[in-house]
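Colleague: Handing you this structure, nothing more for now.
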Amino acid sequence: MSTRSLNILLTGGTGYIGSHTAVVLQEAGHRVFIYDNYCNSDPAVAQTLQKITGQPFKTIEGDIRNTDLLQKTLETNHIDAVIHFAGLKAVGESATIPVEYYANNVQGTISLLQAMQAASHRPRTLVFSSSATVYGDPQYLPIDESHPTAATNPYGRTKLHIEEILRDLAKSDVSWRIACLRYFNPVGAHVSGLIGENPNGIPNNLMPFVAQVAVGKLKQLNVFGNDYDTPDGTGVRDYIHVMDLAEGHLAALNYLGAALAAEVVTNTETQTHTGLHTFNLGTGCGYSVLEMIQAFEAASAKAVPFLIAPRRAGDIASCYASTTLAAEQLGWTAKRDLKAMCESSWHFQQKAAASAGSNSNTTAGA
Ligand code: NAD
Ligand code: WQD
-3 MSTRSLNILL TGGTGYIGSH TAVVLQEAGH RVFIYDNYCN SDPAVAQTLQ KITGQPFKTI
57 EGDIRNTDLL QKTLETNHID AVIHFAGLKA VGESATIPVE YYANNVQGTI SLLQAMQAAS
117 HRPRTLVFSS SATVYGDPQY LPIDESHPTA ATNPYGRTKL HIEEILRDLA KSDVSWRIAC
177 LRYFNPVGAH VSGLIGENPN GIPNNLMPFV AQVAVGKLKQ LNVFGNDYDT PDGTGVRDYI
237 HVMDLAEGHL AALNYLGAAL AAEVVTNTET QTHTGLHTFN LGTGCGYSVL EMIQAFEAAS
297 AKAVPFLIAP RRAGDIASCY ASTTLAAEQL GWTAKRDLKA MCESSWHFQQ KAAASAGSNS
357 NTTAGA
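Spelled out as structure tokens, the structure:
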């Protein structure tokens, strides 16, 4: 594989997954540019990333719906590839303000594609943050990429609409190289503890909620249902370490042949992949809510008090990925285990709590 260094734009690059991917890409020798409107993140994350990698990150404050600013950003920085993280992601909220979700996620993606099409140097490599939520209630497990899609909420439908738009685009113009990465449940944090998932308000997702209970910020966890058809009755999910997920993006860029696409290739045996390609990014292992609590208690040496509460509307019993396609095509598999996920999450949570106490702000919002 070519090792040419790329200029890579991360929309939403100061968010939870984007910030970890920024570290992985920079450490792989690429130049990372971050484009974010900070609606769910902190501008200070860029300095934290610099602290972690020892290298500066160029950040551009802007909304993805600002097509002109995006085009200018692509051209000025001669961007070779875009990883598109920017989006709103709260499932419950998406049912309350669906128009905002479609405007931000779908219209925002169209704006990005228009900017890429208009840019004079024709950047045509794109990696898109999709989600396992597009599968809806699984018809079989593990879920492979040809499993039927059936999103059950507006957030999930924004992801499906975007995937369809990208598929049509790739068909219409064969020079595009697009990867749709369907993430399962990202958790954990960078080993430094300086970036991680630090949601505003009460967390919606299990892991940040558990971490905030362990650190004493929240009193107890509600376990949403213990009468599912699972070994212990609680919901089973495929939790993936965010650093493994971040490395999956580098593998996807390599698979697309981003480095080769960005220059005139005269002699190479390396295959590049045009068109649209869809991959699950998960571990293939499912853990229940009770197993997650136990693993977190072991990693933190803290108790996580919980109550069994009614099922949460829209939740499914079990969900975990088939990882075969990503392993075979991308040469990527998740390496970090549940212990590493919980330990890194706990490390980050402790640092976040300490820095909130001292009123400094060095953590990544998500
Ligand atoms: P995040 O909220 O931490 O990061 C998203 C970033 O995008 C934030 O920094 C936010 O400020 C920015 N943003 C949002 N709308 C924008 C706009 N209009 N213009 C510019 N910037 C904008 O979320 P995350 O967990 O890092 O998720 C990244 C992507 O992955 C999202 O598209 C999300 O839907 C998807 N995803 C996340 C998960 C998960 O559980 N975290 C699972 C599957 C898919
Ligand atoms: C995991 C398990 C809950 C909180 C969501 C989105 C999905 C994707 C990832 C973006 C379930 C249980 C949770 C709590 C609990 N995001 N739980 N008490 O629902 O699998 O996926 O985030 O694309 O689209 O739907 O993740 O972390 O919310 O829940 O018992 O306070 O934990 O019932 O079984 P989910 P989650």
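Heads up, the sequence shown is in my numbering, so the first residue is -3 and it goes up one at a time. The beta-carbon is built from N, C-alpha and C at its ideal position, and this holds for glycine as well.
Please specify which runs of the alpha helix (DSSP H), each continuous and at least 4 residues long, are wholly inside the stretch 86 to 147, giving them in chain order.
Modeller: If only complete runs of 4 or more residues are kept, the stretch 86 to 147 shows the alpha helix (DSSP H) at 87 to 92, 94 to 97 and 104 to 114, in order along the chain.
Colleague: Please tell me whether residue 40 and residue 55 are closer than 7 Å, where the distance is taken between their beta carbons.
Modeller: In the sequence shown, the residue the question calls residue 40 occupies position 44. In the sequence shown, the residue the question calls residue 55 occupies position 59. No.
Colleague: Return the CA-CA distance between residue 213 and residue 337, expressed in angstroms with no decimal places.
Modeller: Locating residue 213 in the sequence shown gives position 217, counting from the first residue. Locating residue 337 in the sequence shown gives position 341, counting from the first residue. Taking the straight line joining both Cα atoms gives about 20 Å.
Colleague: Quick check on the burial criterion: 16 or more other C-beta atoms within 10 angstroms. Buried or exposed for residue 117?
Modeller: For the purposes of this step, residue 117 is taken as residue 121 along the sequence shown, with counting starting at 1. So residue 117 ends up on the exposed side.
Colleague: Tell me residue 68's beta-bridge partners as DSSP assigns them.
Modeller: Walking along the sequence shown from the start, residue 68 turns up at place 72. DSSP output for residue 68 lists no bridge partner at all.
Colleague: Note down, in chain order, each residue of its chain lying with its Cβ closer than 6 Å to the Cβ of residue 174, except the 5 sequence neighbours on either side.
Modeller: Working through the sequence shown from its first residue, we reach residue 174 at position 178. Contacts found: 122, 162, 166 and 272.
Colleague: Give me the Cβ distance between residue 276 and residue 178, rounded to the nearest whole Å; I'm assuming they're in contact under 8 Å.
Modeller: If you number the sequence shown from 1, residue 276 lands on position 280. If you number the sequence shown from 1, residue 178 lands on position 182. Between residue 276 and residue 178 a beta carbon distance of about 5 Å is seen, short of the 8 Å cut, so the two are scored as contacting.
Colleague: Mind checking whether the beta-carbon of residue 315 lies closer than 6 Å to any heavy atom of the ligand SAH?
Modeller: Looking at this structure, you won't find the ligand SAH anywhere; what it does contain is the ligand NAD and the ligand WQD.
Colleague: When the distance is taken between beta carbons, is residue 300 closer than 7 Å to residue 210?
Modeller: The residue you call residue 210 lines up with position 214 of the sequence shown. The residue you call residue 300 lines up with position 304 of the sequence shown. In contact: residue 210 and residue 300 (Cβ atoms closer than 7 Å).
Colleague: Rounding to the nearest angstrom, what Cα-Cα distance links residue 283 and residue 235 in this structure?
Modeller: By 1-based counting over the sequence shown, the position of residue 283 is 287. By 1-based counting over the sequence shown, the position of residue 235 is 239. So the two alpha carbons sit approximately 7 Å from each other.
Colleague: For the structure I just gave you, are there three or more beta carbon pairs, one from the stretch 136 to 147 and one from the stretch 84 to 92, closer than 8 Å?
Modeller: no
Colleague: Would you say the beta carbon of residue 202 is closer than 6 Å to some non-hydrogen atom of the ligand WQD?
Modeller: Along the sequence shown, one-based indexing puts residue 202 at 206. For the ligand WQD, at least one heavy atom lies less than 6 Å from the Cβ of residue 202.
Colleague: For the beta strand (DSSP E) containing residue 298, name the first residue and the last one.
Modeller: As a first step, residue 298 is located in the sequence shown; it is residue number 302 there, counting from the start. Where residue 298 is concerned, there is no enclosing beta strand (DSSP E), given that its DSSP letter is neither H nor E.
Colleague: Need the endpoints of the beta strand (DSSP E) that residue 178 sits in, please.
Modeller: Position 182 of the sequence shown, counted from the first residue, corresponds to residue 178. Looking at the DSSP string, the run of the beta strand (DSSP E) that includes residue 178 is 173 to 179.
Colleague: Return yes when the Cβ of residue 151 is within less than 7 Å of the Cβ of residue 98, no when it is not.
Modeller: What you label residue 98 is simply residue 102 of the sequence shown in a count that begins at 1. What you label residue 151 is simply residue 155 of the sequence shown in a count that begins at 1. In this structure, residue 151 does not lie closer than 7 Å to residue 98 by Cβ.
Colleague: At a cut-off of 6 Å, is residue 205 close to the ligand NAD when judged by its beta-carbon and the heavy atoms of the ligand?
Modeller: One-based indexing of the sequence shown puts residue 205 at position 209. No, the beta carbon of residue 205 sits no closer than 6 Å to any heavy atom of the ligand NAD.
Colleague: Report the three-state DSSP secondary structure of residue 40 (helix, strand or coil).
Modeller: The residue given as residue 40 occupies position 44 in the sequence shown. It is coil, neither helix nor strand.
Colleague: Rounded to a whole number of angstroms, what is the C-alpha to C-alpha distance between residue 237 and residue 105?
Modeller: The sequence position of residue 237 within the sequence shown is 241, counting from 1. The sequence position of residue 105 within the sequence shown is 109, counting from 1. About 26 Å.
Colleague: Within the same chain, show all residues whose beta-carbon is closer than 6 Å to that of residue 17, passing over the 5 residues directly before and after it, in chain order.
Modeller: On the sequence shown, residue 17 is found 21 positions in, with the first residue counted as 1. For residue 17, where only same-chain residues beyond five positions count, the Cβ hits under 6 Å are 242 and 245.
Colleague: What residue range is occupied by the uninterrupted alpha helix (DSSP H) comprising residue 167?
Modeller: Within the sequence shown, the letter at position 171 stands for residue 167. Residues 150 to 168.
Colleague: With DSSP collapsed to three states, give me the class of residue 363.
Modeller: Examination of residue 363 is not possible in this model, given that the chain is present from -3 through 362 alone.
Colleague: Measure the C-alpha to C-alpha separation of residue 350 and residue 204 and round it to an integer number of angstroms.
Modeller: Numbered from its first residue, the sequence shown carries residue 350 at position 354. Numbered from its first residue, the sequence shown carries residue 204 at position 208. Approximately 16 Å, taken between the alpha carbons.
Colleague: In terms of residue numbering, what span does the beta strand (DSSP E) encompassing residue 78 cover?
Modeller: Along the sequence shown, read from residue 1 onward, the residue named residue 78 stands at position 82. Taken as a continuous stretch (DSSP letters only), the beta strand (DSSP E) holding residue 78 covers 77 to 80.
Colleague: Taking 6 Å as the cut-off, does the CB of residue 124 come closer than this to any heavy atom belonging to the ligand WQD?
Modeller: Within the sequence shown, the letter at position 128 stands for residue 124. Not under cutoff, so the answer is no.
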